[in-house]
Amino acid sequence: MNPHLATLSSVDPDIAELVRSEERRQSEKIRLIPSENYVSRAVLEATGTVLTNKYSEGYPGRRYYEGQQFIDQIETIAVERAKQLFGVDHANVQPYSGSPANLAIYLALLSPGDTVMGMALPMGGHLTHGWSVSATGIWFRSVQYGVRRDTGRIDFDEVRDLARKERPKLIFAGGTAIPRIIDFAAFAEIAREVDAVLVADIAHIAGLVAGGVHPTPVGHAEIISTTTHKTLRGPRGAMLMCDAKHAKALDKAVFPGLQGGPHNHTTAAIAVALREAMQPEFREYARQIVANAAALADELLARGFDLVSGGTDNHLILVDLTSKGVAGKPAAKALDRAGLEVNYNTVPYDPRKPFDPSGIRLGTPAVTTRGMGPAEMRQIAAWIDEVVSALAKGDEDTCAATEQRIAGEVRELTSRFPAPGIDA
Ligand code: DSN
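Okay, so the sequence shown: first residue is 1 according to our numbering, each after it adds one.
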């Protein structure tokens with residue numbers, strides 16, 4: 001039995017068994033969702049500590065509860081590591097996750113009804129960049145930019161024209177389905193022209209920025225928001241980083257504006273992940289994520305897949321399956337049955353509905369953590385091709401047989417690439 005689950009097994013065997021099943025699932029599958037990863041054993045250990053027992057509303061040295069002798073040190077270490085790794089004036093490591101982190105920016109800088117500009121969700125943006133169903137699109141006046149239909153890339157003439165016309169106070173650069181380098185300098189120039197604050201949401205690419213394989217927004221964006229659990233490979237959490245002039249307002253917006261006590265076990269695990277991201281191996285990890293995505297994209301292109309923007313510069317690939325004659329949702333479900341975990345996703349100008357869109361979204365952070373390389377990426381592309389081709393033909397027996405065979409082959413491959421933090 002897995003020793004770290006021994007107590008859990010005796011207290012709550014139902015939950016213990018489900019955790020074990022999830023461990024097996026994460027171990028046996030090829031996880032290609034670009035916002036997911038495997039954290040290290042050290043990050044897992046920090047997350048599962050008595051730090052979860054402690055309340056510490058406030059900030060180091062200014063708390064509303066006693067007993068902060070060690071919590072203050074942990075949070076200070078996390079903050080200092082974030083500042084050092086990203087080269088920023090100020091960092092706040094308390095946001096519970098990316099959405100509350102972004103909401104804190106609105107609270108710090110805007111009043112309800114003020115104008116915000118972000119990338120539209122179906123074009124690759126994020127809900128909290130002013131999309132209509134989000135509080136950020138309900139309580140604020142939101143204007144949204146997209147990508148060009150012909151290139152799948154951001155059209156900076158459109159962004160500039162929109163910014164000049166609508167005069168947003170806040171501009172978001174970044175999103176959840178952007179396969180290309182984000183030109184923070186171009187966004188900054190536009191923000192300066194209309195007197196807006198530029199926010200870089202680097203949730204997806206934080207590990208690539210830290211690893212030096214994506215240009216940094218530092219020096220261009222006054223505020224940077226990020227989750228900590230994607231390419232950065234930390235626990236589920238978030239950070240806000242900024243120029244000194246926004247530090248007070250952002251801190252006040254996070255606490256007491258939006259949140260109560262920080263999750264200290266998460267803060268400790270963020271500190272550990274930041275230390276890991278400072279090591280030379282992490283730069284190699286980031287480089288390999290991008291090399292693997294390029295190899296996967298090249299093989300998919302060679303097999304006739306239509307990739308939004310024609311490829312990738314980063315960790316993420318957005319596939320439009322229209323030309324293959326299948327929709328994203330059935331494809332994602334078939335791939336999952338075959339042991340290949342992706343998510344269905346809208347593609348720019350998608351004629352289908354968000355819950356049944358045309359695309360799938362893939363990424364290489366998790367498989368790269370397991371040590372897979374370009375050869376495995378080519379094999380993964382071949383499997384994706386087989387599953388999608390079987391689905392397009394529409395014969396249920398052939399699909400089931402193909403998926404079952406590939407699931408076995410996937411288990412064989414994954415057994416050779418142990419997942420960090422999961423015992424064999
Ligand atoms: N849900 C995240 C993603 O998968 O990209 C973004 O918040």
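The beta carbon of each residue, even a glycine, is placed where N, CA and C say it ideally should be.
Do the region 79-94 and the region 223-242 meet, that is, are 3 or more Cβ pairs less than 8 Å apart?
The region 79-94 is in contact with the region 223-242.
Hey, how far is the Cα of Pro256 from the Cα of Pro100?
If you take the alpha carbons of Pro256 and Pro100, they lie about 13 Å apart.
Could you pull out every residue in the same chain whose Cβ sits closer than 8 Å to the Cβ of Gly87, ignoring the five residues on either side in sequence?
Thr216, Val218, listed in sequence order.
Are the Cβ atoms of Glu75 and Tyr65 separated by less than 8 Å?
Not closer than 8 Å, so no.
At which residues does the alpha helix (DSSP H) containing Thr402 begin and terminate?
Segment 396-415, the alpha helix (DSSP H) holding Thr402.
Taking the alpha-carbon of Pro262 as reference, which of Leu51, Ser35, Leu18 has the nearest alpha-carbon?
Out of Leu51, Ser35, Leu18, Leu51 has the C-alpha closest to the C-alpha of Pro262.
Counting along the chain, where does the alpha helix (DSSP H) carrying Arg160 start and finish?
Where Arg160 is concerned, the enclosing alpha helix (DSSP H) stretches over 156-166.
With 16 as the cutoff for other CB atoms within 10 Å, does Ile138 come out buried or exposed?
Result: exposed.
Can you list, in chain order, the residues of its chain whose CB lies under 6 Å from that of Gly98, leaving out five sequence neighbours each side?
Excluding residues within five positions, the ones whose Cβ falls inside 6 Å are Ala203, Thr227, Ala238.
Can you name, in chain order, every residue of its own chain whose Cβ lies under 7 Å from the Cβ of Ala297, other than the five neighbours on each side?
Within the same chain, Ala297 has close Cβ partners Leu307, Gly311, Thr312, Ile317.
So Ala327 and Asn343 are in contact, right, with Cβ under 8 Å, and what is the actual spacing, rounded?
About 13 Å; that fails the 8 Å criterion.
Whole angstroms are fine: how far does the CA of Ala302 sit from the CA of Pro374?
If I take the Cα positions, the gap works out to 14 Å.
Let me know if Phe355 comes out buried or exposed under the rule of 16 or more other beta-carbons within 10 Å of its beta-carbon.
Exposed, because fewer than 16 other Cβ atoms sit within 10 Å of the Cβ of Phe355.
Could you tell me whether the Cβ atoms of Leu121 and Tyr145 are closer together than 8 Å?
No; because the gap between Cβ atoms is not below 8 Å, this pair is not in contact.
Relative to the alpha-carbon of Val319, which residue among Glu284, Asn102, Pro357, Lys252 has its alpha-carbon at the smallest distance?
The option with the nearest alpha carbon to Val319 is Pro357.
Using only CA atoms, which one of Pro168, Ile154, Arg167, Ile171 lies nearest to Asp183?
Comparing Cα-Cα distances from Asp183 to each of Pro168, Ile154, Arg167, Ile171, the minimum goes to Ile154.
Where does Val39 fall in DSSP's three states?
Of the three classes helix, strand and coil, the one that applies to Val39 here is coil, per DSSP.
Tell me the start and end of each unbroken alpha helix (DSSP H) in the region 108-154 that is at least 4 residues and wholly inside, in chain order.
You should have 135-138.
CA-CA distance, Pro418 and Gly359?
The alpha-carbon atoms of Pro418 and Gly359 are separated by roughly 29 Å.
To the nearest angstrom, report how far apart Leu5 and Ile178 are at their CA atoms.
Rounded to the nearest angstrom, the two C-alpha atoms are 38 Å apart.
Kindly provide the ranges of any alpha helix (DSSP H) runs that are 4 or more residues long and lie completely inside the region 244-290, ordered along the chain.
Listed in chain order, the complete alpha helix (DSSP H) runs (minimum 4 residues) inside the region 244-290 are 247-252, 264-277.
Closest by CA to Ala78, which one among Val43, Asn53, Tyr106?
When each option's Cα is compared against that of Ala78, the closest is Val43.
Using only the alpha-carbon positions, how far apart do Tyr285 and Ala196 sit?
Cα-Cα distance, rounded: 35 Å.
Does the beta-carbon of Thr346 have 16 or more other beta-carbons within 10 angstroms, so that it is buried, or is it exposed?
Classification of Thr346: buried, given that the 10 Å Cβ count is 16 or more.
Report the three-state DSSP secondary structure of Val347 (helix, strand or coil).
Of the three classes helix, strand and coil, the one that applies to Val347 here is coil, per DSSP.
Sorry if obvious, but does the Cβ on Gly98 come closer than 7 Å to a heavy atom of the ligand DSN?
Correct: Gly98 has its Cβ closer than 7 Å to the ligand DSN.
Counting only the same chain and skipping the five closest in sequence on each side, list residues whose C-beta sits under 6 Å from that of Met1.
Note that Met1 has pLDDT 44, beneath the 50 cutoff, so the model's placement of it is unreliable and the number below is only indicative. If we look at Met1 and ignore the five residues flanking it on each side, it has no Cβ neighbours.
Examine the Cβ distances between the region 400-412 and the region 333-340 and report whether three or more of them are shorter than 8 Å.
At 8 Å Cβ cutoff, the stretches touch.
What's the C-alpha gap between Arg167 and Ala185?
For Arg167 and Ala185, the distance between alpha carbons rounds to 19 Å.
Between Thr115 and the ligand DSN, is there a pair consisting of the residue's CB and a ligand heavy atom that are separated by less than 7 Å?
Answer for Thr115: no, Cβ out of range of the ligand DSN.
Can you give me the Cβ contacts of Asp72 inside the same chain, cut-off strictly under 7 Å, excluding the 5 residues immediately before and after it?
Around Asp72: Pro60, Gly61.
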